[in-house]
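Heads up, the thing below is written out as C-alpha cells.
2 protein chains.
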Amino acid sequence: MSGERTAADLPLPGGDFRMLVTRLSFQGMMSLGMLENPLTGKKASDEKSARMIIDDLLMIREKTSGNLETEEAEHLNRVLESLEVAWAELDKGDSVAAES
Amino acid sequence: MSGERTAADLPLPGGDFRMLVTRLSFQGMMSLGMLENPLTGKKASDEKSARMIIDDLLMIREKTSGNLETEEAEHLNRVLESLEVAWAELDKGDSVAAES
Chain A
1 MSGERTAADL PLPGGDFRML VTRLSFQGMM SLGMLENPLT GKKASDEKSA
51 RMIIDDLLMI REKTSGNLET EEAEHLNRVL ESLEVAWAEL DKGDSVAAES
Chain B
1001 MSGERTAADL PLPGGDFRML VTRLSFQGMM SLGMLENPLT GKKASDEKSA
1051 RMIIDDLLMI REKTSGNLET EEAEHLNRVL ESLEVAWAEL DKGDSVAAES
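The listed protein sequences correspond, in order, to chains A and B.
1 is the number of the first residue of the first sequence in my numbering; add one for each residue after it.
1001 is the number of the first residue of the second sequence in my numbering; add one for each residue after it.
Have a look at this one:
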C-alpha cells in the first residue's frame, strides 16, 4: 500500500441518518434552484422534484417517529423548515407568473 | 386545460416509503453493476457506492423500527437481502482479483 490517501479511499458516509437527511436536503435545494447542479454547473428549479423530496422527508419524519436522537430530529426539522419556506416562495412565484 | 396528459403531469411519488426504498434499491443495483446507468447506458459496478446505499437501507430499517406496515417492512427486507447477496458476490470477486 502507498502512503497516499485520496478522497476516493474514504468510506462513503452510508448508514448515518444525518448524512442521509443532508444528502436529500442538497437534492431539494438543487431542485429549488438554490444550489448549482454539479453536473450542469447551473441553477435550475424543478418544482415537482422539490415537492417529491420534501414529501419524502416528511414521510421519513413520520416513519422514524420515536426512534431518533434529539439532535437528529432537530436537524431534520431545520432542513424541512428551510425547504418548505423556499418551496412556498417558488410556488408563489409560479402562481403569480401563471396569473399575469 | 387541454385534455392531453403526459408523464410530466403526473405527481412524482414523494412521501411513499415503498417508493423511497425502491428508488434506493435501483441506485444500489446500478452501483452493483446489475442495472444499466440510464445516464451512460452502461453497467458499471462501484463497490463503495453500493455499500453506502446498503448501509443507508440498514439504518432506515433500524430508524423506522416499529413504525412500518407489515408489507413495507417485508419489502425493505427483500430489497436488503437481494442487495446484500449481490454485494457479497461483488466483494468476493474483488478479493479474488486482488489476490491473484
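We put the beta carbon where it would ideally sit given N, CA and C, even for glycine.
DSSP state of B/N1077 mapped onto helix, strand, coil = helix
Proximity winner among B/S1045, B/T1040, B/L1024, B/R1051, relative to B/M1034 (alpha-carbon distances) = B/S1045
So which of B/L1020, B/D1055, B/E1047 has the shortest CA-CA distance to B/E1072?
-> B/L1020
Between the segment 12–31 of chain A and the segment 46–55 of chain A, do at least 3 Cβ pairs fall closer than 8 Å?
-> yes
Where does A/S65 sit, in a helix, a strand or coil, going by DSSP?
-> coil
Relative to the alpha-carbon of A/D55, which residue among A/L68, A/L83, A/G15 has its alpha-carbon at the smallest distance?
-> A/L83
6 Å Cβ shell around A/G93 - same chain, five flanking residues per side excluded | none
From A/E69 to B/E1074, what distance separates their C-alpha atoms?
-> 25 Å
So, does the CB of B/H1022 fall closer than 8 Å to a CB anywhere in chain A?
-> Before going further, note that residue 1022 of chain B is Thr rather than His in the sequence given. No - not a single Cβ of chain A is within 8 Å of the one on B/T1022.
Give, in chain order, every residue of the segment 1041–1068 of chain B whose Cβ lies closer than 8 Å to some Cβ of chain A.
-> K1048, S1049, R1051, M1052, I1053, I1054, D1055, D1056, L1058, M1059, I1060, E1062, K1063, T1064, S1065, G1066, N1067, L1068
B/L1024 - containing alpha helix (DSSP H), residue span = 1017–1031
Contact set between A/F17 and chain B, taken where Cβ atoms lie within less than 8 Å | M1059, K1063
Do B/F1017 and A/K63 have their CB atoms nearer than 8 Å?
-> yes
Could you confirm whether any beta carbon from chain B is found closer than 8 Å to the beta carbon of A/G28?
-> no
Residues in its own chain within less than 7 Å of A/I53 by CB, not counting five upstream and five downstream?
-> L24, Q27, G28, S31
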